[in-house]
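> Take this structure first; my questions come after.
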Amino acid sequence: MKKTLIIEAPNSKKAAQRPPVFRSVDSRTIPPNLLDFAKGKKFYIRTYGCQANYRDEETMAGYLSEAGFERTDDPKEANLAIINTCAVRENAEEKVYGEIGSFKANKEKDPSFMLVLAGCVMGEEGVGESLLKTYPFISLI
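Taking the working numbering, I'd label the letters of the sequence shown as residues 2 to 142.
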């Protein structure tokens with residue numbers, strides 16, 4: 002497996018210093034190339050933790066479904082997997098690390114498989130960079 006190029010790891014201190022930027026997005030305008038890309042592909046989302054994360058899961062699932070992805074409850078079927086993390090709830094962080102490794106088989110079976118890590122654990126200093134070094138098959142944090 003090739004090494005991951007880390008351009009910039011998540012940094013909560015830098016994020017807190019950025020001014021808020023609000024963009025208006027018309028969610029009904031989906032680029033045709035994304036619609037073609039998503040055709041026949043499945044996504045899986047696993048959420049750990051707080052209510053805000055479950056709301057975020059619903060939002061991500063809505064966007065992905067609108068783009069043409071089909072949701073699956075079987076992580077082995079997924080072409081795209083999102084692990085939505087929480088640093089607040091007890092044991093959520095430890096469970097995430099165990100689950101990440103299970104997706105290595107997806108990447109070996111399908112080189113275009115994407116694993117995305119989202120949520121507040123990924124914003125903690127050094128966590129994202131450490132995970133990318135340990136699990137080079139992670140696509141996006």
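All C-beta atoms, glycine included, are put in the ideal place defined by N, C-alpha and C.
Remember, it's a predicted structure, so these values are computed and weren't measured experimentally.
How many Å lie between residue 113 and residue 88 at the Cα?
Approximately 29 Å between the Cα atoms of the pair.
> In terms of alpha-carbon separation, which member of 74, 138, 133 lies closest to residue 43?
Closest by alpha carbon: 74.
> Relative to the alpha-carbon of residue 127, which residue among 59, 142, 115, 82 has its alpha-carbon at the smallest distance?
Among 59, 142, 115, 82, the Cα nearest to that of residue 127 belongs to 142.
> What three-state label does DSSP hand residue 34 in the structure shown?
DSSP places residue 34 in helix when its eight states are reduced to three.
> Using only the alpha-carbon positions, how far apart do residue 48 and residue 30 sit?
Rounded to whole angstroms, residue 48 to residue 30 spans 27 Å at the Cα level.
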